[in-house]
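Chains as they are written, first to last, in the working numbering: chain A, 1 to 293; chain B, 294 to 581. Shown next, in structure tokens, is the structure this report addresses.
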Amino acid sequence: MKRAGFTQRWLPILLLMPQLVIIAVFFYWPAAYGLRSSFFLQDPFGFSETFVGFGNYLTLMRSPSYLKSAGFTVIFSVLVTFLSLAIALILAVKADRVIRGAKTYRTLLMWVYAVAPPVAGVIGLIMFDQSWGPLMDFAALFGWDFVLGVNYFDTAFAMVVVSVWKQIPVNFIFFLSGLQSIPRSVREAALIDNRSASGRFWDVTFPLLAPTGFFLLITNITYSLFDTFGIIDTTVKGEPGNNPMTLVYKVYVDGFRGNDMGGSSAQSVILMVLVLLMTVFQFRLIERRIHYT
Amino acid sequence: MTATPKRRIKWSNVVDHLVLIAGSAVMILPVVMLLQMASNPDIETMRNGPGLTFGDRLPANTTKALFEASGFSGVNSGVQMLYNSFILGIGFAVGKIVLGMMAAYAIVYFRLRFATLAFWMIFTTLLLPLEVRILPSYEIVQKLGMLNTFQGLIIPLIASATATFFFRQFFRAVPEELVEAARIDGAGPVKFFIDILIPLSRTMIAAMFIIMFVYGWNQYLWPTMITTDEDMYTLVRGIKQITQSLEGTNLPEYGRANMLALLAILPPVLIVIFFQSWFVKGLTESDK
């Protein structure tokens, strides 16, 4: 708060009210409601409920389909995060170096940011189409008979490809702006000290990008956990069946389609705890992160 | 890249360009193919799939996409979905910015007894995305009778603090002398807010608007749950139905479906491209 603030008493309350009311009704109420439901077992029609304590959580821990989905989510998140960060970093380093066409490249590489995940999923469906998808044809060159939506591995592969495609632009924007904020003097000093370009990159540029990288790491994990919902929903073609799904998608499938309110709420609570842990971890990193400039 | 006679071609430079061109192609080709399929007769697409030979059916398919309705009730034409998408995108962006600025102003510029409490209540919302509390949120919207309404669609999405946080950071960086000067000149808090702070934040507001518009336009899970009436569908929400109509029919309407997908992409993409510098500034500064 500013030293020279205003002293009116009711105006600030009036200003804060709309936000607080909306948050109370649409954030705290549902969060509390979800927490409560996770300890109850509801009948499918919502007429009665029984308190089961941690029963829903125990059921989840013993459910093979939940554990399978959790395992898939971990692998999926690691792959998407790693690949989209790595590819975006390569592109950003190149885009930072070229002079001619720099602006055009920047535009071409970032606009996909605005494509909605489910639309990206639909594009993936077309690219991997069984009868004439260009990427399916490409896979066929290696003798790979690609069947999206039927084969578990193939569907997972398509999900990763589409999710990475969709996430590269955000990472690219952040890496590029991180690179451009490295002072010219530092670059010139590095140029004098080290003749090898890759040596300069790993010794100077990469450490300077570390803060951006940490931030993006968390953003990308959050992205692969939550924002990929649309991609997954379109890629499984509405038939989750044997297809891979992430934990967030499972919350939706079990709760909304399967009507298992308690089980689905328990899954939500587990995700909430996961996100909270990640945020705490992120703040810790930010506190410790070293500023070079 | 043309080499001037006196200068040698630098190979590392060529490699840089090749990598960037490959990257750009991967980004843009799929969408070019959407456009290509939208420009061909359906039978052509069914036989050959996506390619790079453009046909002349673009106007016909666009008309079909805009005015022909699919689904059971025949009310979700492209125009209707476009309209709903704009309401969601603009309503969400405006709502978020207005509430965020008001709350941030109260927190930064006033001496409030429970300021810390309000601050934490608001900022806790940054921790939990809507996706993790999706079902209880749905039940509550249902209890409030807001299913299939724009309020039910937009307001729960606004219940997070990203914009408040962003404007709080910005207001704190505004020089303190401005408030003092305004107070000496006899300007009250309302006048100061409207005549000084809002004009000062113009660029920030624009940046926020672009990011929030794209975010709102691209919402999928929440609209999927809240809107079941077909006349409430947004383009992004309707996309699944569009693709499902591609399967199981003798001659799927590829042209129309791909045109609708393009319509869903186009407005946010154009905004991001045209207001690129604001957008990049807003994105890289807000998230830190």
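Even for Gly, the Cβ is constructed at its ideal location relative to N, Cα and C. All figures in this text were calculated on a predicted structure; none of them were measured in a lab.
Rounded to a whole number of angstroms, what is the C-alpha to C-alpha distance between TRP304 (chain B) and GLY548 (chain B)?
-> 43 Å
Given 8 Å as the limit, is there contact between the segment 438-445 of chain B and the segment 504-521 of chain B, that is, 3 or more CB pairs closer than that?
-> yes
Would you verify that the beta carbon of MET261 (chain A) is, or is not, closer than 8 Å to some beta carbon of chain B?
-> yes
Contact set for LEU85 (chain A): own chain, Cβ-Cβ below 8 Å, skip 5 residues either direction = ASN171, GLY213, LEU216, LEU217 and ASN220
With 16 other CB atoms within 10 Å as the buried threshold, where does MET374 (chain B) fall?
-> buried
Relative to the alpha-carbon of GLN180 (chain A), which residue among A:THR222, A:ARG97, A:LEU271 and A:VAL280 has its alpha-carbon at the smallest distance?
-> A:ARG97
Once you ignore the five residues that flank LEU276 (chain A) on each side, which residues in its own chain have a CB closer than 7 Å to its CB?
-> none
Using a Cβ-Cβ cut-off of 8 Å, state whether ILE489 (chain B) counts as contacting chain A.
-> no
Residue from A:LEU60, A:ILE22 and A:ILE232 with nearest C-alpha to GLY445 (chain B) | A:ILE22
Taking VAL347 (chain B) as the query, report the chain A residues whose CB atoms sit under 7 Å from its CB, ordered along the chain.
-> In the sequence on display, residue 347 (chain B) carries Phe and not Val. Chain A residues near PHE347 (chain B): none, gap ~16 Å exceeds 7 Å.
With C-beta atoms as the reference, is PHE76 (chain A) less than 8 Å away from VAL162 (chain A)?
-> no
Examine chain B for any beta-carbon lying closer than 8 Å to the beta-carbon of TRP202 (chain A), and answer yes or no.
-> no
Classify LEU440 (chain B) as helix, strand or coil using the three-state DSSP reduction.
-> coil
Assign VAL307 (chain B) to buried or exposed, taking buried as 16 or more other Cβ atoms, counted over all protein chains shown, within 10 Å of its Cβ.
-> exposed
LYS484 (chain B), buried or exposed, once every other Cβ within 10 Å from all chains shown has been counted against 16 = exposed
Just the C-alpha distance for LEU351 (chain B) and ASN551 (chain B), rounded to the nearest angstrom, thanks.
-> 11 Å
Taking MET245 (chain A) as the query, report the chain B residues whose CB atoms sit under 7 Å from its CB, ordered along the chain.
-> Correct list: empty, because the minimum Cβ distance to chain B is about 13 Å.
Kindly indicate if chain B contains any beta-carbon less than 8 Å away from that of GLY255 (chain A).
-> yes
Give the straight-line distance between the Cα atoms of ALA315 (chain B) and VAL368 (chain B), rounded to the nearest whole angstrom.
-> 42 Å
CB ILE400 (chain B) to CB ALA454 (chain B), shorter than 8 Å?
-> no
LYS436 (chain B): buried (16+ other C-beta within 10 angstroms of its C-beta) or exposed?
-> exposed
Looking at the structure shown, is ALA466 (chain B) part of a helix, part of a strand, or coil, going by DSSP?
-> helix
Take the Cβ of PRO343 (chain B) as the centre, count every other Cβ of all protein chains shown within 10 Å, and call the residue buried at 16 or more, exposed below.
-> buried
Taking Cβ positions only, does PRO561 (chain B) come closer than 8 Å to chain A?
-> yes
Could you tell me whether the segment 500-507 of chain B touches the segment 196-209 of chain A, using the rule of 3 or more Cβ pairs below 8 Å?
-> no
Could you check the C-alpha separation between LYS581 (chain B) and SER265 (chain A) for me, to the nearest Å?
-> Here the model assigns LYS581 (chain B) a pLDDT of 44, short of 50, so the residue's position is not dependable, and the following value carries that caveat. Near 31 Å, if we compare the C-alpha coordinates of SER265 (chain A) and LYS581 (chain B).
What residues in the segment 140-170 of chain A have a beta carbon less than 9 Å from any beta carbon of chain B?
-> TRP165, ILE168, PRO169 and VAL170
Three-state secondary structure assigned by DSSP to GLN130 (chain A) | coil
Interface residues of chain B facing VAL248 (chain A) [CB-CB closer than 7 Å] | GLU424
Got a sec: is the Cβ-Cβ distance from PHE567 (chain B) to anything in chain A below 8 Å?
-> no
For chain B, is any of its Cβ atoms less than 8 Å away from the one on MET61 (chain A)?
-> no
Is the Cβ of PRO323 (chain B) closer than 8 Å to any Cβ of chain A?
-> yes
How would you label MET294 (chain B), buried or exposed, when you count the other beta carbons within 10 angstroms and need 16 or more for buried?
-> Only weak support is given to the placement of MET294 (chain B): the predicted model assigns it a pLDDT of 47, under 50, and the question is left unresolved by the model.
Cβ distance (whole Å) where GLY149 (chain A) is taken to contact VAL236 (chain A) below 8 Å | 6 Å
Closer than 8 Å, CB to CB, is ASP193 (chain A) near chain B or not?
-> no
With respect to the beta strand (DSSP E) encompassing LEU41 (chain A), which residues constitute its N-terminal and C-terminal limits?
-> 40-42
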